[in-house]
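> First residue of the sequence shown: 1, per the UniProt record's numbering; consecutive thereafter.
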Amino acid sequence: MDGAVKVEPASLVWKCASRSLGFATNLNHCPLSNNINACVCSKWEEVSIMDEKNIPIRTYQVCNVLEPNQNNWLRTDWIPRSGAQRVYVEVKFTLRDCNSLPGVTGTCKETFNLYYHESNEDRESYIKESSFIKVDTVAADESFTQVDVGDRIMKLNTEVRDVKVTTRKGFYLAFQDVGACIALVSVRVFYKTCPLTIRNLATFPDTVTGADTSSLVEVRGSCVNQSEEREEPKMYCGADGEWLVPIGGCLCSPGYEEKGSACKSCTAGFYKAKSSDPGCSKCPPHSHSLRDAATVCDCHSGYFRSDADPPSMACTQPPSAPQQLISVVNETSVVLEWTPPRRLGGRSDTSYSLECLICQTAGRLCLPCGSDVLFSPSQTGLKTTKVVVSELRAHTHYTFIVHARNGVSLASGAGATQSVSVSVTTNQAAPSPVSFVQATDVTRHSLSLSWQQPDRPNGVILEYEVKFYEKDQKERSYRIMRTFSQSVDVTGLSPLTVYVFHVRARTAAGYGEFSAPFEFSTNSDPFPLIGEGVNSAFLLLSVSGVGILLLISAAVFIISRRRSKYSKTKQDSEEEKHLNPGVKIYVDPFTYEDPDQAIHDFAKEIDVSSIHIEKVIGMGEFGEVCSGRLRVQGKREIYVAIKSLKAGYSDKQRRDFLSEASIMGQFDHPNIIRLEGVVTRCKPLMIITEYMENGSLDSFLRKHDGQFTVIQLVGMLRGIASGMKYLSDMNYVHRDLAARNILVNSNLVCKVSDFGLSRVLEDDPEAAYTTRIPIRWTAPEAITYRKFTTSSDVWSYGIVMWEVVSYGERPYWDMNNQDVMKAVEEGYRLPAPMDCPVVLHQLMLDCWERERAERPTFSQILNMLDKLIRNPGTLRRTGGDRYIMDIPTGSMLESGLGPEWLQSIGLERYRDTLAAAGYTSLDSLLGITHHQTAHAFNQQIYSQLQSVNAMKCF
């Protein structure tokens with residue numbers, strides 16, 4: 001069995017025993033002859049016979065068929081279990097046909113029994129018959145007659161039985177003859193293992209299968225030599241000795257690559273830097289590796305690699321010096337321009353930096369320039385080959401050095417950076433702007449201005465020029481005054497007027513730029529806009545302050561009014577939106593010619609690296625179903641369920657598998673299973689949904705039978721109805737609504753799932769009676785006429801209600817599908833489950849109306865369940881109660897004929913008929929007679945009212 005079978009032990013020692021199973025001391029040998037009737041043995045005998053190849057073999061035989069009440073036992077020696085939890089017994093035997101034995105009465109048998117007994121040690125020479133446990137009664141597929149033996153034709157039977165052995169160290173096997181003519185040719189005892197294997201570079205040891213035929217044994221693998229764990233490697237050992245569901249794995253360590261199922265070192269001249277790299281790579285240019293298992297290649301002499309360079313990058317060199325450096329002097333500015341180095345060193349990250357030095361003409365002593373010198377665009381990290389240097393001193397000697405460097409210029413052994421330099425002398429230049437102006441001796445018509453010398457006069461200041469104008473004139477009309485000193489008296493001004501002043505200096509090189517504006521008011525203290533602040537005019541501040549306060553008050557008022565208006569508009573908009581909601585319509589993915597386009601439109605693609613599979617939780621129609629974790633960037637990690645498409649799928653299976661995701665992706669409701677996304681860009685294909693901790697509703701209810709209140713059950717039904725209402729509003733018909741397709745999370749929220757039912761009824765004319773159609777849950781018109789509608793989903797919902805209230809009992813019990821269809825067609829409906837409230841069973845009956853137009857809608861069902869939850873007293877009445885319902889004194893009897901009360905007794909549909917006949921209160925109904933009912937209503941109303949009249953007795 002492909003290395004998955006172990007035989008223990010190699011040979012079996014037999015013991016022939018009497019009824020008490022003690023060791024036999026005398027054996028009556030009875031050879032197998034042509035005339036077997038002439039020899040009758042009282043016990044099992046060890047006999048040599050010839051097989052079909054005419055080779056002698058040893059057998060154990062018994063043939064006491066003429067005596068009644070045979071009980072002959074044959075027992076093996078003690079067989080060690082060797083860790084096995086389930087062993088298999090293969091028996092090869094021949095058996096004589098009783099009809100071929102002349103003179104044999106009804107005492108002849110054509111079967112024998114197989115037993116086993118577990119024991120911790122091989123010391124039990126005497127074992128009671130009652131201590132053995134029966135495995136099975138073994139019968140022959142082929143039997144032989146006297147003619148067969150004479151012609152040397154052996155009809156050999158082979159039977160295999162499995163035995164669960166887990167409590168003792170070993171066991172005995174025993175064979176009981178009860179009156180057959182039989183010969184045991186061979187017995188082989190073995191157990192199954194999943195053989196030692198290597199998967200994804202992880203070693204999984206030889207593993208004994210589980211005790212149950214459906215159990216999976218989880219095994220953690222260990223990484224092979226020279227490898228490291230990428231994700232915890234796990235596999236499951238199946239009951240048939242096959243490994244299933246590999247998860248995780250290992251990667252070869254740096255310097256090693258995967259070959260076969262092992263990690264081999266990279267040979268000289270090759271390297272592997274990271275475990276995630278696919279394999280060893282040849283050393284990049286200008287590098288080499290002289291040893292095996294290299295993780296990086298060393299650079300050749302004169303070549304370098306920076307810390308940021310990946311190992312796959314070629315080794316490079318620093319650049320040569322920049323070329324053709326030229327300079328253009330413009331007064332106190334210099335434009336420097338050069339061409340790139342002739343040799344860039346094989347890199348594309350060359351940058352430039354400038355060094356600025358002030359030098360004396362005598363001795364050429366140079367010092368670094370001050371921080372006031374400006375470089376545009378910058379002094380270091382330049383990618384361009386042009387720089388403008390400004391704010392230099394006039395008549396000064398400068399030396400500029402341009403350095404070229406790249407990523408390896410600073411590497412150890414690379415040497416100094418290559419550079420080129422140029423020396424210039426700046427020209428005479430205009431002075432810099434005046435930075436500070438102040439006013440003193442302010443009167444109504446005059447004031448005195450003073451200022452400081454510019455920071456960089458760039459020569460001898462010959463004169464200053466003052467420009468001023470009234471502020472509200474905005475320089476449309478201004479006056480100019482010139483002075484040789486750093487002050488001036490300005491006269492002829494208007495009183496209480498704000499003036500703007502600008503000052504500039506002139507040297508032999510010309511005028512510099514005007515200063516920033518400074519504002520001063522006559523008969524007031526100076527009030528500059530820019531520069532060092534001084535005290536402001538009190539009147540001006542007061543007027544300005546009041547104006548600002550008024551503006552702020554007005555702005556607050558306007559904003560408040562606008563916000564109020566916006567809030568009302570938003571509220572009206574929300575109300576309008578609520579009253580006229582948009583309706584989203586379901587799109588059938590089968591209308592797409594390309595199923596991948598449907599997936600693209602309705603489902604989100606998930607990177608498989610974001611999914612971590614943890615364990616197998618079941619088997620689906622298309623493959624395994626696992627649980628795991630999903631971690632999407634920017635979101636918290638969540639638990640998910642993962643459906644995978646098994647290998648070897650057909651195009652139709654792929655389309656059907658992806659169609660379920662295309663359907664789920666269109667839904668967004670708290671009671672519909674949520675699709676997280678799909679994996680379609682790699683194998684296996686996966687559908688990722690939210691994880692529902694409590695599994696399917698039917699299994700969950702069976703596990704917690706009788707543990708919930710009626711209100712809790714109604715709450716579950718309410719959630720299912722809410723989800724189905726959402727689907728019906730989208731014009732989606734589920735077709736397979738059943739408790740097994742409802743999933744329950746940890747908060748007992750029920751969600752509709754399983755949208756993968758194939759369109760069998762449309763595609764296959766014979767599909768109405770196949771096992772794939774859920775006959776017990778399907779409406780009659782859907783079975784007979786293949787008419788699936790929301791009304792047929794309502795019928796199925798009624799069956800789900802019955803399942804919930806009965807805690808997962810099977811609808812229609814042990815009836816077969818044909819009987820179910822016949823019973824439903826004849827009008828049979830499921831009775832109320834134990835302790836089921838009458839109103840709930842009546843709602844079930846309404847869902848099972850023969851005419852689909854008479855069934856309630858999901859919206860009506862939802863409203864009904866909401867009313868029951870708000871009025872839990874209506875749920876107290878069950879089918880076993882003596883009275884119809886609890887009616888508080890002075891409530892129902894004094895009220896009119898309310899729809900809730902009529903619904904609770906199943907007469908809501910006759911409300912209009914009763915009202916038209918004058919029956920508008922409960923009192924008027926209590927005295928109704930059969931004659932009155934026959935004239936106005938039907939028999940069902942009268943039978944229901946008889947139950948109402950029973951209330952008079954209580």
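Even glycine gets a Cβ: it sits at the ideal position worked out from N, Cα and C.
Bear in mind that the values here come from a model prediction, so they are computed numbers and not experimental data.
Please give the ranges of any beta strand (DSSP E) in the segment 44-98, keeping only runs that are unbroken, at least 3 residues long and fully inside the region.
Complete beta strand (DSSP E) runs here, min 3: 45-50, 56-62, 72-76, 86-95.
> Judging by CA-CA distance, which residue of 620, 611, 652, 654 is the nearest neighbour of residue 636?
It is 611 whose Cα lies nearest to the Cα of residue 636.
> At which residues does the beta strand (DSSP E) containing residue 186 begin and terminate?
From DSSP, the beta strand (DSSP E) with residue 186 extends over 182-194.
> From the DSSP secondary-structure annotation, give me the bridge partner or partners of residue 113.
The partner list for residue 113 (beta bridge, DSSP) reads 137, 176.
> Going by CA-CA distance only, name the one from 269, 410, 753, 722 that's closest to residue 736.
That would be 753, whose Cα lies nearest to the Cα of residue 736.
> Which of the three DSSP states is assigned to residue 858 in this structure?
The answer is helix: DSSP assigns residue 858 an H, G or I state.
> How is residue 291 classed by DSSP in three states: helix, strand or coil?
Coil at residue 291, not helix or strand.
> Could you check what DSSP says for residue 662 in three-state terms: helix, strand or coil?
Here residue 662 sits in helix by DSSP.
> For residue 265, which residues in the same chain have their Cβ closer than 7 Å to its Cβ, ignoring the five residues on either side in sequence?
255, 256, 292, 293, listed in sequence order.
> Exposed or buried, which one is residue 656 when buried takes at least 16 other CB atoms within 10 Å?
Buried, because 16 or more other Cβ atoms sit within 10 Å of the Cβ of residue 656.
> Where do the N-terminal and C-terminal ends of the alpha helix (DSSP H) with residue 506 fall, by residue?
Looking at the DSSP string, residue 506 is not in any alpha helix (DSSP H); the run it does join, the beta strand (DSSP E), is 498-507.
> Helix, strand or coil for residue 636, going by three-state DSSP, please let me know.
If DSSP states are grouped into helix, strand and coil, residue 636 belongs with coil.
> In the segment 360-397, which residue ranges form an unbroken beta strand (DSSP E) of at least 3 residues, counting only runs that do not cross its ends?
Counting only runs of 3 or more, we get 366-368, 374-376, 386-390.
> With contact counted as at least three CB pairs below 8 Å, one residue from each stretch, are the segment 701-714 and the segment 683-693 in contact?
With the cut-off at 8 Å, the segment 701-714 and the segment 683-693 do not touch.
> When burial is assigned at 16 or more other CB atoms within 10 Å of the CB, is residue 652 buried or exposed?
Flag for residue 652 reads exposed.
> From the DSSP output, in three-state form, read off residue 576 for me.
With a pLDDT of 35 at residue 576, under the threshold of 50, the predicted position of this residue should be treated as unreliable, though the coordinate-derived value follows. Residue state, collapsed to three classes: helix.
> Give the DSSP-derived three-state secondary structure of residue 863 in the structure shown.
Looking at residue 863 - three-state DSSP - the assignment turns out to be helix.
> Using the rule of at least 16 other Cβ atoms within 10 Å of the residue's Cβ for burial, across every protein chain shown, is residue 484 buried or exposed?
Its Cβ having fewer than 16 others within 10 Å, residue 484 is exposed.
> Measure the CB-CB distance between residue 723 and residue 669 and report whether it falls below 7 Å.
Cβ distance < 7 Å, so residue 723 and residue 669 count as in contact.
> Give a yes or no on whether the C-beta atoms belonging to residue 801 and residue 844 are separated by under 7 Å.
For residue 801 and residue 844, yes; Cβs fall inside 7 Å.
> State the Cα-Cα distance for the pair residue 365 and residue 466, rounded to the nearest angstrom.
About 41 Å.
> Pairs of beta-carbons, one from the segment 792-801 and one from the segment 845-857, closer than 8 Å: are there three or more?
They touch, by the three-pair rule.
> Does the Cβ-Cβ distance between residue 438 and residue 446 come in under 7 Å?
Contact: no.
> Measuring alpha carbon to alpha carbon, tell me which residue in 662, 658, 454 is nearest residue 645.
Cα-wise, what sits closest to residue 645 is 658.
> Out of curiosity, what's the CA-to-CA distance linking residue 100 and residue 144?
The straight-line gap from Cα to Cα measures roughly 8 Å.
> So with Cβ pairs under 7 Å, would you call residue 788 a contact of chain C?
This model lacks chain C altogether, as it is built from one protein chain only.
> Apart from the five residues on each side of it in sequence, which residues of its chain come closer than 7 Å, Cβ to Cβ, to residue 280?
Cβ neighbours of residue 280 beyond the five flanking positions: 257, 266, 270, 271, 272.
> Give me, in chain order, the residues of the same chain whose beta-carbon lies closer than 6 Å to that of residue 344; leave out the 5 immediate sequence neighbours on both sides.
So the list reads 319, 350, once near-sequence residues are dropped.
> I need the boundaries of the alpha helix (DSSP H) containing residue 598, first residue and last residue.
Element bounds for residue 598: 595-602.
> For residue 93 and residue 174, which I take to be in contact (beta-carbon distance under 8 Å), what is that distance rounded to the nearest angstrom?
That belief does not hold up - the Cβ atoms of residue 93 and residue 174 are roughly 15 Å apart, past 8 Å.
> When DSSP builds the beta bridges, which residues end up paired with residue 223?
Looking at the DSSP assignment, residue 223 forms a beta bridge with 202.
> Please report the straight-line C-alpha distance between residue 397 and residue 410, rounded to a whole angstrom.
Looking at the two C-alpha atoms, the distance is approximately 31 Å.
> Measuring straight from C-alpha to C-alpha, what distance separates residue 631 and residue 642?
Roughly 14 Å between the two C-alpha positions.
> Does the segment 234-249 come within contact of the segment 191-205, defined as at least 3 CB pairs closer than 8 Å?
The segment 234-249 vs the segment 191-205: in contact.
> If you run the structure through DSSP and keep just helix, strand and coil, what is residue 323?
In this structure, residue 323 counts as strand in the three-state DSSP scheme.
> Start and end of the beta strand (DSSP E) containing residue 615?
Run containing residue 615: 611-619, per the beta strand (DSSP E) assignment.
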